[in-house]
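Q:
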Amino acid sequence: MRRFHVASEGWGSLRANKLRTFFMMAGTIVGIAALTVIMTIGKGTERQVMRRVENFGPRAMMLVAGGGRATGPPDAQVTTLTLADMEAIRDKISGLEIVTPQAWATRTPLTRGSAQTRATLWGVEPEWHAAWDWYVAEGEEITHEDVATMARVCVIGSSVKRDLFGDEDPIGESLYVNKVRVTVTGVLERRGTAGTGGGDFDNRILLPITTAMRRVLNVEHIGAVRMITTDARRMPEQAEAITGLMRRRHRITPPAEDDFRINSPLAVAEVVRGTSRTLSILLMVLAGLSLFVGGVVLMNILLISVAERTAEIGLRRAVGATRGDIFTQFLTESLSVTFLGMVVGSALGAGVSLAVQHLTPLPVILSWEPFAVGIAFAFLVGAFFGVQPARRAARLPPVEALR
Amino acid sequence: MIELEGIEKTYVSGEVVTRVLQGISFEIEAGEYVAIMGASGTGKSTLMNILGCLDIPTAGHYRLDGTDMVNLDDEALSQLRNRKIGFVFQQFHLLQRTTARKNVLLPLIYAEDYPENAEEMAEAALEMVGLHDRIDYRPNQLSGGQQQRVAIARALITNPAVLLADEPTGNLDRRSGAEVMAIFQQLSAGGRTVILVTHDREVAEHAERVILLDDGQIAEDRRVDQPRDAEQELTNLTVGEEVYE
Chain A
1 MRRFHVASEG WGSLRANKLR TFFMMAGTIV GIAALTVIMT IGKGTERQVM
51 RRVENFGPRA MMLVAGGGRA TGPPDAQVTT LTLADMEAIR DKISGLEIVT
101 PQAWATRTPL TRGSAQTRAT LWGVEPEWHA AWDWYVAEGE EITHEDVATM
151 ARVCVIGSSV KRDLFGDEDP IGESLYVNKV RVTVTGVLER RGTAGTGGGD
201 FDNRILLPIT TAMRRVLNVE HIGAVRMITT DARRMPEQAE AITGLMRRRH
251 RITPPAEDDF RINSPLAVAE VVRGTSRTLS ILLMVLAGLS LFVGGVVLMN
301 ILLISVAERT AEIGLRRAVG ATRGDIFTQF LTESLSVTFL GMVVGSALGA
351 GVSLAVQHLT PLPVILSWEP FAVGIAFAFL VGAFFGVQPA RRAARLPPVE
401 ALR
Chain B
1001 MIELEGIEKT YVSGEVVTRV LQGISFEIEA GEYVAIMGAS GTGKSTLMNI
1051 LGCLDIPTAG HYRLDGTDMV NLDDEALSQL RNRKIGFVFQ QFHLLQRTTA
1101 RKNVLLPLIY AEDYPENAEE MAEAALEMVG LHDRIDYRPN QLSGGQQQRV
1151 AIARALITNP AVLLADEPTG NLDRRSGAEV MAIFQQLSAG GRTVILVTHD
1201 REVAEHAERV ILLDDGQIAE DRRVDQPRDA EQELTNLTVG EEVYE
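Protein chains in written order, with my numbering: chain A, 1 to 403; chain B, 1001 to 1245.
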């Protein structure tokens, strides 16, 4: 109880000197606000990373035509990736549960009577469904027989169904892909918009890969190979083995640039994190600087205040305050400043986070964690920068303080 | 009540040794009203700091109400000051921007147990020094004499064994000074031990006993036959005189 009364003396001077208190708080406010924004964006980013990795497949890798970029669709100009490459991977790389090719074309025109739309075309094997964990909601999947016979069949995404068939049942109906007539055997489950650019996943049409390559696209190359590993931990090693294999097959010796790339959940996560990383680093610097400079300012104002209040300290000592009491009072003053700053800073940070959420595409999630971290930092800054002035105040000999 | 035995205080600064107090011994009985007098540089302030347990002597013993303070640590000394001594200073030393009430109850904050009726105690103490209508005034709203009376109320709130006043009238006009001296005489009459430290003979002669310091030693320790009556002086002072001063 005595402690409480002694400590609460630390409040008096703050209330009496509001402007000075504000200056002492400023650094903490900005620092904690920046920290809060970093954390809300960080948490938002991680949530997005998780969702994207989930979409990509946590155990999935993609060998994609075209080098350079980290993610994104295959490079349509690159024609060096072939079914033979895919076969080589099946033969030589161990620990892969599924290896399945994908032929690929964007914005392929689809027509049915007078209705028309454009969708992404995928030439696939039946394993595609398992490789993407994506099955039909209605009708049948593409079969091995379809692939073997270059069957004129297709499975469509729900957006294509909506655009070409409306409310009609599309199963057994036909449509034209690049003037090739195919029959709809199935409709994919809805996935919604979750692509890198927020693209519509359901705006797609699947054909047997042979049909796609020979009948529709008339190409010898494929866009990508989708692989599912048996053990996610082996991915880096497998990716390296695939890279070596592909370089041998495509006769590429570094420093010549690869004409393929390998995407993995790690790479996907990197890309997502990359967008908010620059801002986070900037804010981190701001938070660090504010807290440090704010702490130094706080310490100096407190030191000045100790000098100004020498007589007060002497008086308190005379009426019975111990060195510990004086130390407690000034440390309480410092901690009160940083805690007050933390409260204002957290509110400010939450406000800025909400603004970021509304004004930018950056993902933001508000939660209690930034508040907890704010309390910790407020305590650290208040204690660290308050100790020196508090010690100086406590060490003043009462006789000199009263002189 | 107070026993001083061979008190010495020596300051060493480099090679210069200054013996400020050179063997001071005296006793003060409970209820006595004593003035410690001396010009500046006679060790008066040092003696007053030791009496107030703000400083410890280099040699000798000081027993205050039965406790020898010489070997006490900071915490014990602080508690001793809190319980046994009430200070009144020349510069009042009130906390600015703080009400009279809050100023007066300050020593209670540092007491072992904060009394539940601290606020009422502060009010009662202020009433005792005639400031019942100034309880929530701040120092800058009070005259010098009123401020010093707040300080006296503060000194009395812990019911200390000794009231230690250091030049209490030094910053006051004649009338306010007389008011303060009158309060001391009342307190003394009520049985309170009062020690007055001053350089002013006229002020000192309000006490019953004067200890004169010179060069760190006691030059004189005498009874005052006819202490000056502050109450009487107060009635003699007319408002007119105050204006002309």
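No residue lacks a Cβ here, since even glycine has one placed at the ideal position from N, Cα and C.
Between V160/A and the rest of its own chain, which residues show a CB-CB distance below 8 Å, the 5 nearest in sequence each way excluded?
A: Excluding residues within five positions, the ones whose Cβ falls inside 8 Å are L110, T117, A119, D202, N203, R204, I205.
Q: What does the alpha-carbon distance come out to for the pair I262/A and P73/A?
A: Between I262/A and P73/A, the C-alpha separation is close to 12 Å.
Q: Enumerate, from N- to C-terminal direction, the unbroken beta strand (DSSP E) stretches of 3 or more residues contained entirely within the region 223-263 of chain A.
A: If we require 3 residues or more, the beta strand (DSSP E) runs fully inside the region 223-263 of chain A come out as 224-229, 260-263.
Q: Kindly indicate which three-state DSSP category A1059/B falls into: helix, strand or coil?
A: Strand, per DSSP.
Q: Residues bridged to H144/A by DSSP?
A: According to DSSP, H144/A bridges with nothing at all.
Q: Quick check on the DSSP output: what are the complete alpha helix (DSSP H) runs of length 4 or more inside the region 289-357 of chain A, in order along the chain?
A: Qualifying alpha helix (DSSP H) stretches, in chain order: 310-318.
Q: Three or more beta-carbon pairs under 8 Å between the region 1133-1152 of chain B and the region 1167-1179 of chain B, yes or no?
A: The answer is yes - the region 1167-1179 of chain B touches the region 1133-1152 of chain B, with three or more Cβ pairs under 8 Å.
Q: Would you please verify whether the beta carbon of A376/A is less than 8 Å from any beta carbon of chain B?
A: Chain B, which has no Cβ nearer than 8 Å to the Cβ of A376/A, makes this no.
Q: Specify the secondary structure class of L96/A as computed by DSSP and reduced to three states.
A: Three-state result, L96/A: strand.
Q: When the distance is taken between beta carbons, is V1104/B closer than 8 Å to R1154/B?
A: In this structure, V1104/B lies closer than 8 Å to R1154/B by Cβ.
Q: Of the residues V293/A, G166/A, A307/A, E333/A, which one's Cα is nearest the Cα of G31/A?
A: Out of V293/A, G166/A, A307/A, E333/A, V293/A has the C-alpha closest to the C-alpha of G31/A.
Q: Report the rounded CA-to-CA distance for G320/A versus K1084/B, giving the unit in angstroms.
A: Looking at the two C-alpha atoms, the distance is approximately 10 Å.
Q: Using only alpha-carbon positions, find the residue among G1191/B, Q1096/B, V1203/B, D1136/B that is nearest to E1029/B.
A: When only C-alpha atoms are compared, the closest one is G1191/B.
Q: Taking only the alpha-carbon atoms, compute the straight-line gap between Q77/A and A372/A and give it to the nearest angstrom.
A: If you take the alpha carbons of Q77/A and A372/A, they lie about 51 Å apart.
Q: Does DSSP put W134/A in a helix, a strand or coil?
A: W134/A: coil per DSSP, three-state reduction.
Q: So that I know if they touch, is there some Cβ in chain A lying closer than 8 Å to that of D1055/B?
A: At least one chain A Cβ lies under 8 Å of D1055/B.
Q: Could you tell me whether the Cβ of V6/A comes closer than 8 Å to any Cβ of chain B?
A: It does; some Cβ of chain B falls within 8 Å.
Q: How many Å lie between A448/A and L348/A at the Cα?
A: Residue 448/A falls outside the range modelled here, since chain A spans only 1 to 403, and no answer is possible.
Q: Out of L302/A, P363/A, I313/A, V399/A, which one is the CA nearest neighbour of V337/A?
A: Closest option to V337/A, Cα to Cα, is L302/A.
Q: I'd like the list of long-range same chain contacts for T1098/B, defined as Cβ closer than 7 Å, with 5 residues on each side in sequence excluded.
A: Within the same chain, T1098/B has close Cβ partners R1138.
Q: Could you check whether the Cβ of L315/A sits closer than 8 Å to any Cβ belonging to chain B?
A: For L315/A, the answer is yes, since a Cβ of chain B falls inside 8 Å of its Cβ.
Q: In chain A, what lies closer than 9 Å to H950/B by C-beta?
A: Beyond the ends of chain B as shown, which are 1001 and 1245, falls residue 950/B; an answer cannot be given.
Q: Leaving out the 5 sequence neighbours to the left and right, which residues in its chain are closer than 6 Å to I228/A when beta-carbon positions are compared?
A: Here the set comprises R59, A60, E97, I98, A131.
Q: Roughly how many whole angstroms lie between the Cα atoms of A26/A and G341/A?
A: For A26/A and G341/A, the distance between alpha carbons rounds to 7 Å.
Q: Within a Cβ cutoff of 6 Å, which residues of the same chain sit near T211/A, ignoring the five residues on either side of it in sequence?
A: Once the five neighbours on either side are set aside, the close Cβ partners of T211/A are M150.
Q: Could you tell me which of L286/A, V225/A, R51/A sits nearest to I38/A, measuring between CA atoms?
A: Out of L286/A, V225/A, R51/A, L286/A has the C-alpha closest to the C-alpha of I38/A.
Q: For D1074/B, would you say it is in contact with chain A, using Cβ-to-Cβ distances shorter than 8 Å as the test?
A: Yes, because at least one Cβ of chain A sits closer than 8 Å to the Cβ of D1074/B.
Q: I want to verify the contact list: residues of chain B whose CB lies under 7 Å from the CB of P398/A, in sequence order.
A: The contacting residues are L1054.
Q: Name the residues in the region 1083-1115 of chain B whose C-beta lies less than 9 Å from a C-beta of chain A; which are they?
A: Against chain A - using a Cβ distance shorter than 9 Å - the residues of the region 1083-1115 of chain B are R1083, I1085, G1086, F1087, F1089, Q1091, H1093, L1094, L1095, Q1096, R1097, T1098, K1102, L1106, P1107, L1108, I1109, Y1110, A1111, E1112, D1113, Y1114.
Q: Cutting at 6 Å between CB atoms, please list the residues of its own chain near T230/A, excluding the five before and the five after it.
A: So the list reads G95, E97, once near-sequence residues are dropped.
Q: Does the distance from the C-beta atom of G166/A to that of T183/A stay below 8 Å?
A: Cβ distance not < 8 Å, so G166/A and T183/A don't count as in contact.
Q: Rank V1034/B, A1059/B, M1001/B by C-alpha distance to the C-alpha of Y1011/B and give the top, closest one.
A: Measuring from the Cα of Y1011/B, the nearest candidate turns out to be A1059/B.
Q: May I ask which residues mark the beginning and end of the alpha helix (DSSP H) holding R162/A?
A: 158-165 is the span of the alpha helix (DSSP H), which, as asked, contains R162/A.
Q: Could you tell me whether the Cβ of N1049/B comes closer than 8 Å to any Cβ of chain A?
A: Yes, contact with chain A.
Q: Beta strand (DSSP E) containing K1009/B: first to last residue?
A: Residues 1002-1013.
Q: If you measure from the beta carbon of Q1146/B to each beta carbon in chain A, is any gap under 8 Å?
A: Cβ-Cβ to chain A under 8 Å: no for Q1146/B.
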